[in-house]
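Quick notes on the structure that follows.
Numbering (our numbering), first residue to last: 1 to 231.
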């Protein structure tokens with residue numbers, strides 16, 4: 001890994017996430033937790049227009065593709081590109097709790113996602129509700145560099161079934177946990193609207209409650225629009 005990629009923790013995290021050799025989601029989660037502690041010391045506190053709101057709603061599109069993150073993962077499950085849509089709601093923390101200040105006033109919110117894994121018959125569709133925390137990495141008057149992470153509850157419509165879906169060795173249950181990481185930029189269009197350009201990584205698995213449990217991992221690009229509501 002080149003030295004330039006280590007300058008911003010978010011870039012390092014995203015490179016680690018996309019490595020096919022990382023078979024365990026929990027290693028990714030541990031890395032994210034470590035960076036969550038580091039981020040407040042890397043952030044720049046801004047008093048620009050991006051901070052002058054109470055909450056926001058964002059609609060975004062995540063085109064990507066399921067990856068074969070484990071040698072045991074049935075590569076034949078990967079057929080067409082994956083497509084997910086998301087609506088998220090976020091509130092700006094104001095410092096009423098100690099953790100707001102320690103983490104440099106992040107946003108907290110809920111993301112609702114749904115879409116196709118690109119294989120309707122064997123993987124089906126995925127849906128999820130993800131509480132998240134969004135960290136500021138750098139602020140300017142026209143843009144915000146951010147990292148968002150969250151864990152929630154998800155549903156996969158076509159899990160493994162010995163008779164009806166034996167080729168799906170990735171997910172063994174309909175109800176799963178879902179984790180998502182997003183790294184990107186919100187660009188200011190005007191006083192209320194912002195354009196989002198980002199990259200995401202979404203992970204579905206059931207925590208070994210039911211086998212198989214290799215998980216379904218989907219890196220994707222992100223484009224979206226964000227509307228800010230002021231008090």
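In this text, a Cβ means the ideal position worked out from N, Cα and C, and glycines have one as well.
As the structure is a computational prediction, the values presented were derived from the model and not from experiment.
Just to confirm before moving on: does the CB-CB distance between residue 154 and residue 178 stay below 7 Å?
Yes.
Below 8 Å on the Cβ atoms is my contact criterion, and I expect residue 219 with residue 201 to pass it. Report the Cβ-Cβ distance as a whole number of Å.
Contact flag correct, Cβ pair sits at about 5 Å.
Rounded C-alpha distance that separates residue 95 from residue 215
Between residue 95 and residue 215, the C-alpha separation is close to 37 Å.
Enumerate in chain order the residues of its own chain whose CB-to-CB distance from residue 116 is below 7 Å, with the five nearest sequence positions on each side excluded.
Within the same chain, residue 116 has close Cβ partners 82, 83 and 125.
Spatial distance of residue 203 from residue 180 (CA atoms)
Each residue's alpha carbon lies about 6 Å from the other.
How is residue 92 classed by DSSP in three states: helix, strand or coil?
In this structure, residue 92 counts as strand in the three-state DSSP scheme.
Identify which residue in 198, 55, 59 and 230 has its Cα closest to the Cα of residue 143.
Comparing alpha-carbon positions, the option among 198, 55, 59 and 230 lying closest to residue 143 turns out to be 198.
The alpha helix (DSSP H) enclosing residue 98, as first and last residue numbers
Counted as a single uninterrupted DSSP element, the alpha helix (DSSP H) harbouring residue 98 occupies residues 98-102.
Around the Cβ of residue 97, are there at least 16 other Cβ atoms within 10 angstroms (buried) or fewer (exposed)?
Answer is exposed; the Cβ neighbour count stays below 16.
Which same chain residues, not among the five before or five after residue 224, have their C-beta less than 7 Å away from its C-beta?
The residues are 58, 59, 60, 61 and 196.
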